[in-house]
Amino acid sequence: MTPSTLQKKLLHWYGNEKREMPWRNNPNPYRILVSEFMLQQTQVKTVIPYFERWMKAFPTLKKLAVAKESTVLKHWEGLGYYSRARNLRKAAQKIQQDYSGKVPDCMNEIMKLPGVGRYTAGAVLSIAFGQKVPVLDGNVKRVLSRLFLLKENGATRKSENILWETMQQLLPETEAGNFNQAFMELGATVCLPKNPLCLLCPLKRNCQAQKSGKQNLYPPRKQTAPSTKIEVSAGVIFQKNKIYIQKRKAKGLMGGLWEFPGGKFESGESPEQCLHREIKEELGVTIHIDEKLMTVKHSYTRFRVTLHVFLCRIRSGRVSPNQCDEWNWVKTEELDEYPFPAANVKIIKHLNH
Ligand code: SF4
Numbered sequence: 009m010t011p012s013t014l015q016k017k018l019l020h021w022y023g024n025e026k027r028e029m030p031w032r033n034n035p036n037p038y039r040i041l042v043s044e045f046m047l048q049q050t051q052v053k054t055v056i057p058y059f060e061r062w063m064k065a066f067p068t069l070k071k072l073a074v075a076k077e078s079t080v081l082k083h084w085e086g087l088g089y090y091s092r093a094r095n096l097r098k099a100a101q102k103i104q105q106d107y108s109g110k111v112p113d114c115m116n117e118i119m120k121l122p123g124v125g126r127y128t129a130g131a132v133l134s135i136a137f138g139q140k141v142p143v144l145d146g147n148v149k150r151v152l153s154r155l156f157l158l159k160e161n162g163a164t165r166k167s168e169n170i171l172w173e174t175m176q177q178l179l180p181e182t183e184a185g186n187f188n189q190a191f192m193e194l195g196a197t198v199c200l201p202k203n204p205l206c207l208l209c210p211l212k213r214n215c216q217a218q219k220s221g222k223q224n225l226y227p228p229r230k231q232t233a234p235s236t237k238i239e240v241s242a243g244v245i246f247q248k249n250k251i252y253i254q255k256r257k258a259k260g261l262m263g264g265l266w267e268f269p270g271g272k273f274e275s276g277e278s279p280e281q282c283l284h285r286e287i288k289e290e291l292g293v294t295i296h297i298d299e300k301l302m303t304v305k306h307s308y309t310r311f312r313v314t315l316h317v318f319l320c321r322i323r324s325g326r327v328s329p330n331q332c333d334e335w336n337w338v339k340t341e342e343l344d345e346y347p348f349p350a351a352n353v354k355i356i357k358h359l360n361h
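Numbered according to this note's numbering, the sequence shown spans residues 9 to 361.
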């Protein structure tokens, strides 16, 4: 199949079958930048309502650049990978300061923005600026691998470079943005990881995996490390109708988000013993546990957390937190004003129920 045959078939299919996405209506560089940050690691249907709320809160790059970090994190709450939100805000600030408020339109400059890698740069340059620059995400890798029976799965630098090069050679002179989006759309809706819908595929007559019945063998699997299980206790400490919360240190996992205090089990500890020890270490007080509130299970990329949550009160001592950036006593209904990690959001929903 020549590149021009592939381009024609794919662009024709995309014209008829593309899904509605709010950033596609008005693909200006700021909106594409925001959508691409959100789409890193997250599916389109999850991103859409976040994107719409985001555009109401931060309709321009300038508004985002001057927003407080906690406000930005609050609008990201539930999307995960919070470093994306922090980087997006920093990128907006850099664009304001160094590029007169205009998203840079060349590869060297756009790659200087925090959180912008080769994929995001390619997406913004091709979709928002119409430049002939490729993208390569999981969907594109899968379609390429199956179309041409490539053994490359992008797991090593060398194999990823081969896939970038292949994609570069397939790009049309014009419409690179649509072509890139068509490739990603095909991977997301037709060339699915398991059981691709080859009968509906515009490239079925040209696809080598389809011809040889090897769709499910491509791309070759990567070795993945098993995810670790972690047991954690957390305390919802009440005092005079208010609850204690603390802000995680800015550097580190989920930095800048608020949380209920607690921590990981040490060897041989019960959930209650763990909580007594953690609160003593973190806040310098002893507590009385009134009752178990709930158990929350939550999966992150590399680990699965079981969170044992208890309602408690302070028994003795004066609260003097030593492992957080800020702390506060808030009413239950005020908890929604603070950004929390996803597992803690489940506790808040339960408390507000
Ligand atoms: S024919 Fe099947 S395997 Fe090949 S690209 Fe289309 S959906 Fe994927």
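Yeah, the Cβ is synthetic: ideal placement off N, Cα and C, and Gly gets one too.
Linking L205 to T197 through their CA atoms gives a straight-line distance of about 8 Å. Counting every other CB atom within 10 Å of its CB across the protein chains shown gives A242 a total of 16 or more, marking it as buried. Between A131 and N188 the beta-carbon gap is near 7 Å, inside 8 Å, which marks them as a contact. Here N336 is bridged, per DSSP, to I253. Under the three-state reduction of DSSP output, D298 falls in the strand class.
For R39, same chain residues with a beta-carbon under 6 Å away, outside a window of 5 residues either side, are W31 in chain order.
About 35 Å separates the beta carbons of Y127 and I253, which is beyond the 8 Å limit, so they are not a contact pair.
A direct Cα-to-Cα measurement between S134 and K255 gives close to 39 Å.
Taking each of H316, N116, A99 in turn and checking the Cα distance to E286, the smallest one comes out for H316. Between P210 and R150, the gap from beta carbon to beta carbon reaches 8 Å or more. Taking a cut-off of 8 Å on C-beta distances, the segment 165 to 181 does not touch the segment 114 to 122, as fewer than three cross pairs fall below it. K16: member of the alpha helix (DSSP H) spanning 11 to 25, first to last residue. Cβ-Cβ separation between C320 and H358: approximately 15 Å, too far for a contact (criterion under 8 Å). If you check the CB distance, V111 and K250 do not come in under 8 Å.
Near the ligand SF4, meaning a Cβ closer than 7 Å to any of its heavy atoms, lie the following residues in chain order: V151, R154, L155, L194, V198, C199, P204, L205, C206, C209, L211, K212, C215, A217, Q218, Q223.
Runs of the alpha helix (DSSP H) lying entirely within the segment 85 to 135 and spanning at least 4 residues, in chain order: 91 to 106, 115 to 118, 126 to 131.
Excluding sequence positions up to five before and after D298, its CB lies within less than 7 Å of the CB of L319, C320, R321, all in the same chain and listed in chain order. Runs of the alpha helix (DSSP H) lying entirely within the segment 165 to 197 and spanning at least 4 residues, in chain order: 165 to 178, 184 to 197.
Distance from the CA of E25 to the CA of N161, rounded to the nearest whole angstrom, comes to 27 Å. Going by C-alpha positions, P227 is about 56 Å away from Q247.
T10 has its alpha-carbon roughly 22 Å from the corresponding atom of K222. The closest CA to that of G271, considering only L265, T314, T236, is found on T314. DSSP places K272 in the uninterrupted beta strand (DSSP E) bounded by 270 to 272. Going by beta carbons, Q51 and R92 fall outside the 8 Å limit. The criterion of a C-beta distance shorter than 8 Å is satisfied by A350 and G88. Between R154 and C199, the CB-CB gap stays under 8 Å. Checking the DSSP bridge columns, you'll see K237 partnered with R312. No residue range can be given for L207, since it is assigned to no alpha helix (DSSP H) and is classified by DSSP as neither H nor E. In this structure, R310 keeps its C-beta atom at 8 Å or more from the C-beta atom of S220.
Nearest C-alpha to R312 among V240, L14, K288, I56: V240.
The alpha-carbon of F348 is positioned some 5 Å away from that of W266. Look at L225 here: in three-state DSSP terms it is helix. Boundaries for V327: no alpha helix (DSSP H) harbours it, and the DSSP string shows neither H nor E there.
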